[in-house]
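At position 287 of the sequence shown the residue is numbered 287 (full-length UniProt numbering), and the sequence of numbers has no breaks.
Note that CB positions come from ideal geometry on N, CA and C, so glycine has one too.
Predicted, not measured: the structure shown is a model, and the values here were computed from it.
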Amino acid sequence: MRKILDWIKQNLLRRHPETARLSATDSFRTLFANFQELIDLNNRILHHVAEANDKLSGDYIFDSNYIETTCSKISAMVKDLIYLINKMTQQQYPGLYDAFERIEGDIQAMLEGKIIAPRPDFILPYPMIDRDLMDAVGGKNAHIAEIGNVLGLKIPLGFAISITAYQYFLDYNKLQPQIAAITDSWHRGEIQVDEASQTIRRLILSAAIPPKLEQRMIFAARHIANLSGESSPRFAVRSSAYGEDSSSSFAGQYLSRLNVALDELVSNYRDVVASAYTIRAMEYRQQKDFRENEVLMSVACQLMIPAKASGIIYSIDPVHPEKETLVINSSWGLGEPVVSGQTATDTFVLDRRSPHVERELNVVRKDLNLVACGEQGTNLEPVPQYYRTRPSLTADQRHRLAEIAMQLEKYFKTPQDIEFAIDHKDEIVILQARPLRLKRKNAPRASELADLPERYPVIFRDRGVAAMEGVAVGPVHFIRTDSDLDNFPDGAIGVARYASPMLARVIPRAVGFITDVGAATGHLATVAREFRIPALFNTDEATSLLHEGEEITLDTEERVVYRGTVRELELFALCEEHIEETYEYRLLRRILKKIEPLNLLDPNAETFKPQYCQTYHDITRFIHEKAVATLIDRNYYHSHDPDTVAGRLKWDFPLDLILIDIGGGISGTEDHFVLPEQIISDPMQALLTGMSFPGAWDMTPAPVDMGSFMSSLTRTFSAELSNPQEVGQNLAVVSAEYVNLSLRLGYHFTIIDAYVTENIKNNHAYFRFSGGVTDTVRRKRRTRLLDRVLTHYDFVTQHQGDMLVARLKRLDKKGMIKRLYLLGLLVGFTRQLDVRMVDDQKIDFYYRKILSIMEENDGQQQDQYTDFRR
């Protein structure tokens, strides 16, 4: 505590010489002036955070100086917010200083190049992992665990060996300084990448696994074995590096080991860690501007699935997303040959929309499949004759996979690239899911491009599949050996038999790829799309039709290869813009994770305390909540300055609302009452207009079954049953452009915070709703209804149980007013709606009803505001 008080005196009172405590005689005007400053600071923080997020859109170029300056500004303003709330509350929240120092310390460490893992554990079982732990366990572990934990889909039993464990392994063996020295020499050009790779990998492979880490790995693996009931379990040991399967795919760059025995688990962990420094991984990171401090290897340890069949699903066709289809590639046995493009695969194309009608079915001959060996490892073995020409997936399995693909896409809110297996029970097991990167469709081609095949010599056409659409012009260079990769000329088109991930090594030098064998769902295809390198796979005989060194033009969209240069296509390709992700981009994204996420959702929760603040947003949210609560208490239950414009709303609806004007929001009061026409705050008027829609504010008592009612009483006390000084009155803090509305209506609690101006960059709206008088099922139905309606109107939503939070920003004034009208409508319309949500059909019914009201009244809101103001 002494440290905190010294810090306040040295850093805050120096800039704020006035007394840090409010005496009992301080007027409400002084308190309110502090609140106005707090609101202004809060809005400025929101502005800077929004501006930083804009930088991540890809439309801006920024450097580390911008990041440092932005962090400094935001930190200073958050610090001032903490000072103000303690000034307003007579130092009730000194713990906010500790939270601030902790978060600011993490941000400074990130600016210095450190990656802050959110958990210190060496081992994290999958049931303990979600996406929030991505920086602790890597994207691959985080996504697959969340698929099992949240969506309930079948995944392998498993655990993550964390990034913290990796750092401990390096520190235990004093490897980090040695690795840094070697990589520095490589970056300076003093040694070649192959020498650097060999030296670092030798260091890692000869290093000892710390006993403490080894013990925990073996314990976790034995626990998995006990859960499975297998006496001789086998494991899949896979990379899950920082950045893998998230911002950059790293597809095929790191090692995976299959069918690993328990006594070989530790050595295989070391092998996977060492794969962070293969030649292709090091070159890939260099191409993607990954720094050495970002080389952090978590490892996935999963119970081995003895797959009967395996494959990949793209939840949308990455080549032709406009077709609204999804693509499944599969083959017999384990999936490694499918993802590496080294085996023939069946291809199934289905509609994305239910009932997922099958549009294409291409069953090929499958002579070999990868199987687990008896002791350890895998082996390619002949497929029994009967199965070679049969589909590797049944119709039911294909349909179910389509359902799963769309479920994952909806949950992760982006198209998905999914790996799966069919186990010995014929059940689908999801092995991996990551974002699917799509190429944006260009404007239609000019008409003069249509007849190019008639005007230029064609080597072949209408063969293969386009893994990445585009145009490439250059000399052919065959890739058959590692030497061919080492000697790959700049600007050449790589031609190979197989679409091997090894080809990714030459992507910075290659302008295109053509292969005889390979699917658009393999690792190389993923990397080609990421780097926007035109790639045509599965042409069957490109290696026999093309010649080393000859100049060709590759048009993957039309699946045509021309002899010589086609200038029109070359120009077309040059007009496309390529956006690359930089180190600064990733750094800003990491830092924003300490600034922007909101974890303190429920002011009534036990965790709504300073010590639980994990981000600056948590701090500002906590402060805003307590500032409003302070205004409610001091304004309504204490004498207030008669010069302050404040009063109770005099209205036809039982809102019992106190309004406080912080500048231009109310034109006046009558006997401490505010009439609707005296409210000149644009956002507050929009809310009231929505609430006053005929029929929205249903005052008819809703039927409540006794079980639900008694259930609700065990959760919380109603505002109607509690002492007003314990619960607080409904409050709206308004200005001409701002509203913060806190409502407790019966068992429901709503907060709306909105800022609406002519400046689109400043506009935002925040909506939080929770509570209810019925059972959990019905309250959740209402939450789903709100989520559906708000998502329809462009809000970004998140919900937990019966609590829903929705956010909207950067919308023009007219659009913001319309959505605030919607929020007002929802406040009245859904007040007792949980009681009526007796089945799931009610969600659709009320969803259509609310949308109908919005459509009928679109464009009429402004007239209704005018009526209020007369």
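Taking only three categories from DSSP, how would you classify residue i?
i: residue 892; result: Nothing about residue 892 can be read from this structure; the chain reaches only from 1 to 870.
i: SER392; result: coil
i: ILE209; result: coil
i: VAL272; result: helix
i: THR543; result: helix
i: ASP417; result: strand
i: ARG848; result: helix
i: LYS366; result: coil
i: LEU688; result: helix
i: TYR387; result: helix
i: THR89; result: coil
i: MET468; result: strand
i: GLU720; result: Reliability of the predicted coordinates at GLU720 is poor, the pLDDT of 34 falling under 50, and the value obtained from them is presented with this limitation in mind. Three-state DSSP puts GLU720 in coil, outside helix and strand.
i: PRO703; result: Any reading at PRO703 needs caution, since the residue's pLDDT is 47, under 50, leaving its predicted position unreliable; the model's value is listed next. The answer is coil: DSSP assigns PRO703 none of H, G, I, E or B.
i: PHE749; result: strand
i: GLY728; result: Residue placement at GLY728 is poorly supported in this model, since its pLDDT is 42, which falls under 50; the coordinates are not used for a value here.
i: SER331; result: strand
Can you grab the Cα-Cα spacing for the pair residue i / residue j, in whole Å?
i: ILE850; j: VAL789; result: 8 angstroms
i: ASP618; j: ARG102; result: 13 angstroms
i: TYR847; j: THR69; result: 45 angstroms
i: ALA76; j: ALA510; result: 47 angstroms
i: ALA605; j: GLN92; result: 18 angstroms
i: LEU600; j: ALA542; result: 58 angstroms
i: ALA117; j: TYR83; result: 29 angstroms
i: HIS187; j: PRO94; result: 47 angstroms
i: THR539; j: ARG388; result: 21 angstroms
i: LEU524; j: MET282; result: 16 angstroms
i: PRO415; j: SER330; result: 19 angstroms
i: VAL299; j: ASP263; result: 17 angstroms
i: HIS799; j: LYS626; result: 22 angstroms
i: PHE460; j: THR325; result: 27 angstroms
i: ASP802; j: LEU825; result: 19 angstroms
i: VAL150; j: GLN407; result: 12 angstroms
i: SER72; j: PHE622; result: 21 angstroms
i: ILE67; j: GLY664; result: 36 angstroms
Name the residue from the options whose alpha carbon lies nearest to the alpha carbon of residue i.
i: GLY491; options: LYS174, GLN253, LEU659 and VAL476; result: VAL476
i: VAL295; options: LYS288, ILE312, LYS323 and TYR242; result: TYR242
i: VAL339; options: LEU745, SER500 and GLU596; result: SER500
i: ILE200; options: ARG119, ARG222, GLU292 and ALA220; result: GLU292
i: GLY494; options: ARG532, ALA466 and LEU536; result: LEU536
i: PRO597; options: ILE129, VAL805 and ARG463; result: VAL805
i: GLU244; options: VAL237, GLN253 and ALA236; result: GLN253
i: VAL733; options: ILE313, THR278, LEU659 and GLY690; result: LEU659
i: ARG365; options: PRO384, ASP351, ILE45 and ASP289; result: PRO384
i: LEU361; options: GLU403, THR394, GLY341 and HIS624; result: THR394
i: ALA646; options: VAL137, LYS140, ILE533 and SER735; result: SER735
i: THR630; options: LEU46, ILE85, GLU51 and GLU855; result: ILE85
i: VAL471; options: LYS425, THR582, ASP484 and ALA528; result: ALA528
i: LEU436; options: ILE39, ASP317, ARG779 and GLY690; result: ASP317
i: PHE290; options: ALA196, GLU584 and ASP839; result: GLU584
i: VAL739; options: LEU823, ILE161, THR791 and ILE591; result: LEU823
i: MET297; options: SER162, GLU409 and SER681; result: SER162
Mind checking whether the beta-carbon of residue i lies closer than 7 angstroms to any heavy atom of the ligand GDP?
i: ALA76; result: With respect to the ligand GDP, the structure offers nothing, as it holds no ligand at all.
Pop quiz: residue i and residue j are said to be a contact at Cβ under 8 angstroms. What is the actual Cβ separation, rounded to whole angstroms?
i: GLN287; j: ILE507; result: 7 angstroms
i: PHE159; j: ILE209; result: Not quite, the Cβ-Cβ distance comes to about 16 angstroms (not below 8 angstroms), so this is no contact.
i: LEU258; j: LEU334; result: 6 angstroms
i: ARG280; j: MET468; result: That belief does not hold up - the Cβ atoms of ARG280 and MET468 are roughly 19 angstroms apart, past 8 angstroms.
i: LEU820; j: LEU687; result: 5 angstroms
i: VAL827; j: SER742; result: With 8 angstroms as the limit, VAL827 and SER742 do not qualify as a contact, their Cβ atoms being about 12 angstroms apart.
i: THR515; j: ARG497; result: 7 angstroms
i: ILE662; j: ILE147; result: About 46 angstroms separates the two Cβ atoms, so there is no contact after all.
i: VAL473; j: THR553; result: 5 angstroms
i: LYS594; j: ASP106; result: 5 angstroms
(request) Count the C-beta pairs between the segment 179-187 and the segment 224-236 that are closer than 8 angstroms, then say yes if the count reaches three, no if not. (result) no
(message) Whether or not the segment 107-121 and the segment 654-670 are in contact is what I'm after, with contact meaning three or more pairs of Cβ atoms, one per stretch, closer than 8 angstroms; do they touch?
(response) no
(request) Inspect the CB distances between the segment 447-467 and the segment 298-310 and report whether three or more fall short of 8 angstroms. (result) no
(request) Take every Cβ of the segment 375-391, pair it with every Cβ of the segment 542-560, and state whether three or more of those distances are shorter than 8 angstroms. (result) no
(message) Quick test of the definition: if touching needs 3 or more C-beta pairs under 8 angstroms, does the segment 392-403 touch the segment 356-367?
(response) yes
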